[in-house]
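Here's the structure, in structure tokens; my notes come after.
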Amino acid sequence: MEVIHKIGRRKTAVARAYVSTGTGNITINKKDLTNYFPTATLQYKVNQPLVLTNNDSNFDITVNVYGGGITGQAEAVRLAISRAMCELDAENRLILKPEGLLTRDPRMVERKKFGQKKARKKFQFSKR
564 MEVIHKIGRR KTAVARAYVS TGTGNITINK KDLTNYFPTA TLQYKVNQPL VLTNNDSNFD
624 ITVNVYGGGI TGQAEAVRLA ISRAMCELDA ENRLILKPEG LLTRDPRMVE RKKFGQKKAR
684 KKFQFSKR
């Protein structure tokens, strides 16, 4: 099997996942999964597509991720791995699609407008 390359995005985080046959090692930015994502919730998010498709010990995954925060990066990695699982086997799409793992979350931070304190918040008006 050749290496499968897929991209996942979330907010401003971009993850590039390289999936090859192996023993289940996940390396993110040259670090182990448990070192890069220390909390169990983030590790669960990354492993979710592998566990649902019963491929958690069949593939070695190398990921390069940059931008955004730690949660956005974890969800970007999850999307990239989900897309790779679909390319491996079309049956996986029927498993991952209802869970919402193939949907790119379009929510982004709204930009700050001039003459305002933030995107929606205005400067306080005081009448004296």
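Per the working numbering, the very first residue in the sequence shown carries number 564; after that it's consecutive.
Where is the CB? At the ideal position from N, CA and C, for every residue including glycine.
Please read these numbers as outputs of a predicted model, since none were measured by experiment.
| Query | Result |
| --- | --- |
| Let me confirm a value: L605 is counted as buried when at least 16 other C-beta atoms fall within 10 Å, else exposed. Which label applies? | buried |
| Pull up the distance between the alpha-carbon of R646 and that of K681, whole angstroms please. | 36 Å |
| Where do the N-terminal and C-terminal ends of the beta strand (DSSP E) with V640 fall, by residue? | Run containing V640: none in the beta strand (DSSP E); it sits in the alpha helix (DSSP H), 633-651. |
| Using alpha carbons as the reference points, say which of V577, Y581, N618, K593 lies closest to I633. | V577 |
| N655: buried (16+ other C-beta within 10 angstroms of its C-beta) or exposed? | buried |
| Using C-beta distances below 6 Å, list every residue in its chain close to K685, excluding the 5 sequence neighbours before and after it, in chain order. | Q679 |
| Could you give the DSSP three-state label for N569: helix, strand or coil? | Checking the displayed sequence, the identity of residue 569 turns out to be Lys instead of Asn. The answer is strand: DSSP assigns K569 an E or B state. |
| Between L642 and R667, is the Cβ-Cβ spacing less than 8 Å? | yes |
| Identify which residue in A639, D619, N618, S620 has its Cα closest to the Cα of V628. | A639 |
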